[in-house]
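Some notes on the structure that comes next.
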Amino acid sequence: MMGMSMLMMFAPPHSEGDVDETRRTYLRHLAALRETALANAVQQRRHELHRHPDPADVHAGVGSRRLWERAAADPDALEVRLGLGDAALCTPVEVADPGAAEDLDPVCAVSLRQTVRAVNTVAQVPVAVQLRAFRFLALAGTGSHDLARALVAQLVFHHGPETVGLKVIGPGAPAWEWVKWLPHTRAPEEAAYPVLLVVDQVTTGTEDFIDDDAWAVVVDVGSRPATALAQRAETEGLAVTAGAGLDVHTEAGVETIGVPDALSPEQAVLLARALTRYQRPEAPGEGGGSGDLLTLLGVADVEQLTPEAMWRGREGTAARLTVPIGVTPQGAAVRLDLKESAHGGSGPHGLCIGATGSGKSELLKTLVVALAATHSPDELNLVLVDFKGGATFLGCEDLPHTSAVITNLADEAVLVERMYDAISGEMNRRQEILREAGNFANVSDYTAARSHGREDLPPLPALLIIVDEFSELLSEHPDFADLFVAVGRLGRSLHVHLLLASQRLEEGKLRGLDSHLSYRIGLKTFSAGESRQVLGVTDAHKLPAQPGAGFLRTDVDELTRFQAAYVSGPLPRRVVEHSPQAGVHRVEHYTGWEQFDVEDEIPVTLDESTTLLAAVVEASRAAAGLRGQRAHRMWLDPLPERVDVAAVAEPVGELSCVVGVIDDPYHQRQDPLVLELGSGGGHVAVCGGPQTGKTMALRTIAASLAATHTTGRLRFYVIDFGGGGLGNLGRLPHTAGVADRTEPERIRRIVDEVLGVVDEPQPIHTFLLIDGWHALAASGSDFEDLVDPVTRIAADGPSAGVHLVVSTPRWSVLRPAIRDLITHRMELKLSEALDSLIDRKAQEKLPSAPGRGLTVDAGQMLIAYTATQDLAFIAAEADRQGQRGVDKLKVLPETVTLAELAPATGPGLPLAVGGPRLETVAWDPETDGHLVCVGSSGSGKSTLLATLVAQISDLGRRRARLVVVDQRRAHLGTLDDDMVAAYAAQSAATQEALAAATVTLTARLPGADVTPAQLAERSWWEGPDIYVVIDDLDLIAEADLHDLAGLLPHARDIGLHVLLARKSGGIGRALYSGFLNALRDEQPAVLLLDADKDEGQIFGIRPSRQPAGRGTWATRGTSVGMVQVAQVSA
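Counting in this note's numbering, the sequence shown runs from 41 upward without gaps.
What follows is the structure, given as structure tokens:
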């Protein structure tokens, strides 16, 4: 309503101003008022034409959302237009009482009257009538039939057959045969408002239908005056004459209200035929189970879902990604269009919120089933994510459309990370496909190119990602909000659609997602606030506690109430009775719905053994199998707990092997974990905490190499400081030797032999496996002396074809000198993620499971499991191929005689076999003037002295003489008397023999008259070298050795050689006092036999328990290695 001020119309006195200016101001005000009123009139007319469109235009709306939009309970039910006429402006211009005419300005007053008259009436507005107010409607005049057809067109377009039923009787009914095509004529008596059209019939009042209350409206078409229906219409209803104008009969007489509507018979037939294929779905619950979704999909029975009938192709049509999800309270189908708004849809992304018991999970399954039944895997793929549990999408994993079903994310954080990578990778994959195919801007252009002849382009189906319980996902993993925003931003062009579902929606959870979620589904919510946040209104909180009841909001103004379909209940099936007439079809002229007997309708039964979901899955699998279609797998199953080496080991190149599987969810791949040991030095380090699979990693490396390489190409040496897990590698013909921590001699032999290969390269590649580097490198370790040799192997080995493979619990245990030489690193789960050398964040996310680790690129991997039977199979296969085992590790013999010794490679007296190359070891008196042998009782000290004495005796009297102190008489009767200058078996004899030797040796000391030349040639004295042999030094008094100790510094000049043996007990004190201390200063050759480690280092050698005759040989302070002392005879 617009008010008009009268103040300015009063004629002002001439003295108060210019009257023309006042009039101009007032007229400008009237002009503005007129424009506003005319604009309101245009809006009013548009509104009314939208509510009551031209009957001739309703045919264009068939199939749209407006079809059957009015329900029985709606206030505009049975409201129809009769024609077009004038109507009052909805915002009329009202003028207050102007008072006396003589007080008004005539110009302003006339202008006001003209303006009000011009704008207060709106022309060409639909003239509507509510038929519920008039049970009888009489249509007379030449245009009555045309108007009646227009009324029927409106009724059948705006109302479904459950709301309006239609029946035509009377002599003129044959001209209305076209109504047989209308679904409203099938069972009009079952509609909420049955309408009876009486055409060209003269009624007398005796007809039953006149007073039959079953008919909500009776329309007298071609009404004649004085007939019963005409009279009833004039007194109880509405009588209308349609001619040149639209005349209404009232108590005051005939009144023309406009121009009547008209619809020709041809237009009516077109409309009726267009409506024939439409039918209302059964209301939720009717028919039982999930039959309503089948009806919504236009499928009469599940048996019609055959491979040939399914997936007729929706790409490029308005039906693409458009499926029904339920019905309105009036039974109209509610369709969800996932396409973006630019393509006429409501998508691409949406939100669904529903409290516990609201039917949210069932709604999501309904959407999946509807999409799967109408779209092929080449048109649509699905990613179904359930953060908690896995019941939401149970059964959907077998759909050929399903790229991934990801469940139980709340229990396994590693799956969340994989999902993040998988979705991100899929976005990247689609962008790469568009770029490589020709830099297409979006998938729509790509698909259009495929349909126009680009056969080289593979299908790129739309991808729908449904995430259930996304709110909890964002609570525990907030970084997913950024991923969802990225999907929301890029999904339009990549045809990636996102539907987020949750029980609750907390404030601020969407974090930038809100603007991307174009459609909203609100089921029953916990609170009014959640409803308002989702839908903008509180209606969802007020919904009844009925599963599936909800609202769909596709834009700001449109909110649709619906009841979701049900796909998890018993499956309705039509029962087809097999009779002689079954399968016999006939063709006849269609005259109406009466031809279809109710008795002929096929009964429906409920199949309790299956569901519509299962039926659609089965049908989809059959159709996809027939067409060779399958969804792209963007989600690979997580790495299993274990993968066997037999499943991965295969030839991949020289000195390369497959040892596990790499999980790469971003690129949607799981590749073999290949070690290329022919590059980067060929060394491998495996680091991991306790019980993480370090031993198994080394075992698998060896097994995979052995399975793909012959014994002529490589061999293994194995040192096992762990729990014995590498012991079974000895079964392989490729293994030269295996030693564990209880075999220190074999360990040292392995290191010595590998070092020999480094010094003298061989054509075969050599691998040294050390499990438990910390046991070797730890301070105070029994094997600490091996660190430097192994370091040399790491440094010099690659050039000689020697490779080092070690395991360690921490990277810091490996010396930088070794660690920097190892390029192939495998990092298992560490005790402390901060110790990672690859990626600390990736290490934190690594699951605590044996064999799980990180590659050098921070990718997750699983080391293959090598069982004992795998090793046995590899060995048997090598034997079948005729492969000869590699040469086994050379070890020291238990006993050896002098006769069995090979010739020594250098000068000296052969005394044992051993050293790095297991060759003859000799003592050279010229370079090592003295020899000390230390060991426990029975360790072989006397044997060593006997061996040396026997060879000294072979030198002859001119070159050597023996002074033997043997208080235990171990050598009695074994000495060559011609070579023995003195033999002492008692203390007195010992004192005399040593004194005599001292006198002889003292005489050889150079005097002042000795020339430098004589000193150089040692020619100032003549005679044999004196070999003082002392067995059991601990039995000799220190005083007896005092004078001899004074000669030790001059021993080289005077031909003195001391060979002594002493027990190891108490030697720690003896080394730092008396004769032994003086002898130690001369750096004698040392043989340390069996001794207690508690004695500490002896002559710089760590003592250990050894069998008789076995000991460590050292010269000039350098350990030569383990030797076995030769015996004079067997």
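Backbone N, C-alpha and C define an ideal beta-carbon position, used for all residues, glycine too. This one's a predicted model, so the numbers in the text were calculated from it and none came from an experiment.
So, for residue i: in the same chain, excluding its five sequence neighbours on each side, which residues have a beta-carbon less than 6 Å away from its beta-carbon?
i	result
residue 126	161, 163
residue 735	762, 765, 811
residue 54	Since pLDDT at residue 54 reaches only 48, below the 50 mark, its modelled position is unreliable, and no value is offered.
residue 656	409, 412, 413
residue 401	432
residue 1150	1164
residue 155	70, 74
residue 490	497
residue 388	380, 531, 532, 537
residue 330	Summary for residue 330: the model assigns pLDDT 39, below 50, so the residue's position carries little reliability, and this model does not support an answer.
residue 694	718
Taking residue i as part of the beta strand (DSSP E), name the residues at either end of that continuous run.
i	result
residue 421	420-426
residue 205	204-209
residue 842	842-848
residue 995	Residue 995 -> no beta strand (DSSP E), and no H or E assigned at all.
residue 119	119-128
residue 134	133-135
residue 1067	1065-1071
residue 364	362-367
residue 975	971-975
residue 1126	1125-1128
Per DSSP, which one or two residues make a beta bridge with residue i?
i	result
residue 954	959, 1163
residue 105	None; residue 105 has no bridge partner.
residue 853	In DSSP, residue 853 forms no bridge with anything.
residue 828	Answer is none; residue 828 lacks a bridge partner.
residue 901	702, 893
residue 864	724
residue 561	392, 592
residue 110	199
Specify, as a first and last residue, the run of the alpha helix (DSSP H) that residue i falls within.
i	result
residue 478	453-478
residue 1103	Element bounds for residue 1103: not the alpha helix (DSSP H) but the beta strand (DSSP E), 1096-1103.
residue 88	59-91
residue 1084	1082-1087
residue 350	First-last for residue 350: undefined, no H or E at that position.
residue 1052	1052-1057
residue 154	146-159
residue 573	568-575
residue 401	400-414
residue 735	734-748
Output needed for residue i: all residues of its chain with C-beta closer than 7 Å, excluding positions within five of it in sequence on either side, in chain order.
i	result
residue 1157	1123, 1140
residue 720	863, 864
residue 373	321, 336, 364, 367
residue 896	865, 878
residue 169	120, 122, 278
residue 780	760, 764, 767
By Cβ distance, which residues of its chain are closer than 8 Å to residue i, with the 5 residues on each side in sequence left out?
i	result
residue 826	787, 788, 791, 816
residue 1065	965, 999, 1000, 1001, 1095, 1096, 1097
residue 158	74
residue 905	682, 683, 684, 685, 736, 740, 891
Is there a Cβ of chain D sitting closer than 8 Å to that of residue i, yes or no?
i	result
residue 436	Any reference to chain D falls outside this structure, which holds one protein chain only.
ask   = Which full runs of the beta strand (DSSP E) of 3+ residues lie inside the stretch 258-315, going along the chain?
value = DSSP runs (the beta strand (DSSP E)) wholly in the stretch 258-315: 278-282, 286-290, 293-300.
request  = Kindly provide the ranges of any alpha helix (DSSP H) runs that are 4 or more residues long and lie completely inside the stretch 645-719, ordered along the chain.
outcome  = 652-667, 685-688
Contact the stretch 204-212 vs the stretch 287-299: 3+ CB pairs below 8 Å = no
query = Quick one: any contact between the stretch 938-954 and the stretch 1099-1106, if contact means 3 or more CB pairs under 8 Å?
reply = Contact between the stretch 938-954 and the stretch 1099-1106 is absent: fewer than three C-beta pairs spanning the two stretches fall below 8 Å.
The stretch 509-519 in contact with the stretch 470-480 per 3-pair CB rule at 8 Å = Contact between the stretch 509-519 and the stretch 470-480 is absent, because fewer than three Cβ pairs lie under 8 Å.
key: Stretch pair the stretch 554-564 + the stretch 387-406: three plus CB contacts closer than 8 Å   = yes
Those runs of the alpha helix (DSSP H) which lie wholly inside the stretch 482-516 and span at least 4 residues = 483-491, 510-516
task = Evaluate contact between the stretch 663-683 and the stretch 698-710, counting only Cβ atoms and requiring at least three cross-stretch pairs below 8 Å.
result = Cβ pair count under 8 Å is three or more, so yes.
task = Indicate whether the contact test is met: 3 or more Cβ pairs, each with one atom in the stretch 1080-1092 and one in the stretch 1026-1044, closer than 8 Å.
result = yes
message = For the structure I just gave you, are there three or more beta carbon pairs, one from the stretch 1110-1130 and one from the stretch 906-925, closer than 8 Å?
response = no
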